[in-house]
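Notes follow once the structure below has been shown.
There are 2 protein chains.
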Amino acid sequence: MVLARLILGLLCLSPMTGYELKKHFDSSINHFWNADKAQIYRTLAQLVDKGYATVRTVAQSNYPDRQEHHITETGRAALAQWLSAGAVQSPERDPFMGQVFFAAELERDDIQSLLEERRQATQFILDDYLSQREGIDMRAAADRRSFLMAATLDHAIRQQAAELEWLDAVLEYLP
Amino acid sequence: MVLARLILGLLCLSPMTGYELKKHFDSSINHFWNADKAQIYRTLAQLVDKGYATVRTVAQSNYPDRQEHHITETGRAALAQWLSAGAVQSPERDPFMGQVFFAAELERDDIQSLLEERRQATQFILDDYLSQREGIDMRAAADRRSFLMAATLDHAIRQQAAELEWLDAVLEYLP
DNA sequence: GCAAAGTGGGTGCAAAATCAACTATTTATG
DNA sequence: CATAAATAGTTGATTTTGCACCCACTTTGC
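So the sequences go chain by chain: A and B.
So for the first sequence, the working numbering puts the first residue at 1224; every next one is plus one.
So for the second sequence, the working numbering puts the first residue at 1224; every next one is plus one.
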């Protein structure tokens, strides 16, 4: 459901192949969603099925044919309806917090290692987001679309930063 | 997989029925995980199947029999192994950020409503976490297990607080 | 010259998760 | 007194997701 909407959103920006969609997920969307390509191709087929998108096969000289997917008016309406239906809520879900919750089964040193390992990974992700952020032209962010897209990246940055602060606090006060 | 570990963790604290597990998920674990009861009962059956837990039927005078699940040594080992295998990483996944990312399809006022609605919901969740936090006896938190459990709640509180700050910033600067 | 990576698409399968019922009894609540 | 909520567990169907493959061709790097 969510994936279908996100794909519609991307197709709304420009017609795309499944391959290109996957690249968008990996590069610009990855801070709040990602999907396996198998899932993307299947969802794409469903969208065509429901009439939310149409396919146009475009031959290329060297590379394989492009199955270019175009959003339809119905598709645009479905996207708009999702956005208008109100803010979606989704349950928190973080396996790592589960590890922390039950980490008392480990020795103190192992708990510390667990937290430090996470700290490293979080720092790595944060750095990645920060470098993505640098690539954004802020002159263009006066335009609302660019502003909102950049905002979701800022959200991810704040979340990771908050996680780092939390990890440091836990590491400091761990009994 | 994660759910199985979390259930093992809970059974590690004390033997429980599926019904009680569900209540724990709804009350104390909900800030980082939750699960449908159907899923809990099925996972419980799998744990018994694998020898990670055993069932003991306890008759009650008034209420239905309790299917009390006890963790086994193998189960304890499996839990410890999960914790020792290192910090798990999980992809970010937030449908609401998808709405924001594509919100430019809406009018400015509708975008604002979307953000304000989310702000309300976030405040509500934060308040819930804060009241849960009040119920925690900090004298007991010198003990490592209680400290870690409280820490995961603190994490959730920080995350929600960061979300509120972000929402306010976006609402302020939205072009 | 050969291997790896990129372009573009797809299938099959299994595990995980969600939704919606349905069974029964007991204890509160209006 | 009726109705709802709590206790305890189960089944079926469907969706979502993830993993591991497979095809075929082209371009790039060593």
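Using N, Cα and C, we set each Cβ at its ideal position, and we do this for glycine too.
Item                                                                                                                                     : Value
Cross-chain neighbours of residue 1267 of chain B in chain A, by beta carbon under 9 Å                                                   : Ordered by position in chain A, no residue passes the 9 Å Cβ test against residue 1267 of chain B, which lies about 17 Å from the chain.
Start and end residues, alpha helix (DSSP H) containing residue 1393 of chain B                                                          : 1367 to 1396
Residues in the region 1311 to 1327 of chain B having any Cβ partner in chain A nearer than 9 Å                                          : 1311, 1312, 1313, 1314, 1315, 1316, 1317, 1318, 1319, 1320, 1321, 1322, 1323, 1324, 1325, 1326, 1327
Test item: CB-CB of residue 1337 of chain B and residue 1322 of chain B under 9 Å                                                        : yes
The region 1324 to 1343 of chain B in contact with the region 1304 to 1319 of chain A per 3-pair CB rule at 8 Å                          : yes
Exposure label - residue 1232 of chain A; buried when at least 16 CB within 10 Å                                                         : buried
is_contact[residue 1462 of chain A, chain B] using C-beta, thresh 9 Å                                                                    : With chain A covering 1224 to 1398 only, the question about residue 1462 of chain A has no answer from this structure.
Residue 1377 of chain A: contacting residues in chain B (beta-carbon distance under 9 Å)                                                 : 1389, 1392, 1393
Residue from B:1377, B:1346, B:1344 whose Cα sits closest to the Cα of residue 1359 of chain B                                           : B:1377
C-alpha gap between residue 1281 of chain B and residue 1293 of chain B, whole angstroms                                                 : 12 Å
Which of helix, strand or coil DSSP assigns to residue 1348 of chain A                                                                   : helix
Residue 1344 of chain B: contacting residues in chain A (beta-carbon distance under 8 Å)                                                 : 1310, 1312
Beta-carbon proximity list for residue 1240 of chain A, same chain, < 8 Å, skipping 5 on both sides                                      : 1289, 1290, 1291, 1292
Proximity winner among B:1313, B:1304, B:1318, relative to residue 1329 of chain A (alpha-carbon distances)                              : B:1304
Buried/exposed call for residue 1273 of chain A, threshold 16 Cβ in 10 Å                                                                 : exposed
Test: residue 1292 of chain A CB closer than 9 Å to a CB of chain B                                                                      : no
Test: residue 1276 of chain B CB closer than 9 Å to a CB of chain A                                                                      : no
Three-state secondary structure assigned by DSSP to residue 1247 of chain A                                                              : helix
C-alpha distance - residue 1256 of chain A paired with residue 1286 of chain B, whole-angstrom precision                                 : 45 Å
As assigned by DSSP and simplified to three states, the class of residue 1291 of chain A                                                 : strand
Buried versus exposed call for residue 1396 of chain A [16 or more other C-beta atoms within 10 Å across all chains shown]               : exposed
DSSP bridge partner residues for residue 1278 of chain A (one or two, in chain order)                                                    : A:1292
Residue range of the unbroken alpha helix (DSSP H) whose run includes residue 1228 of chain B                                            : 1225 to 1236
Whole-number beta carbon distance between residue 1258 of chain A and residue 1226 of chain A, since they are thought to touch under 8 Å : 5 Å
Contact with chain B by residue 1238 of chain A, beta-carbon distance below 9 Å                                                          : no
Proximal residues, the region 1248 to 1267 of chain B versus chain A, C-beta separation under 7 Å                                        : 1254, 1255, 1256, 1257
Nearest-angstrom Cα separation, counted from residue 1229 of chain B out to residue 1236 of chain B                                      : 11 Å
Cross-chain neighbours of residue 1340 of chain B in chain A, by beta carbon under 7 Å                                                   : 1309, 1310
C-alpha gap between residue 1246 of chain A and residue 1350 of chain B, whole angstroms                                                 : 39 Å
Proximity test, Cβ basis, 9 Å: residue 1282 of chain B and chain A                                                                       : no
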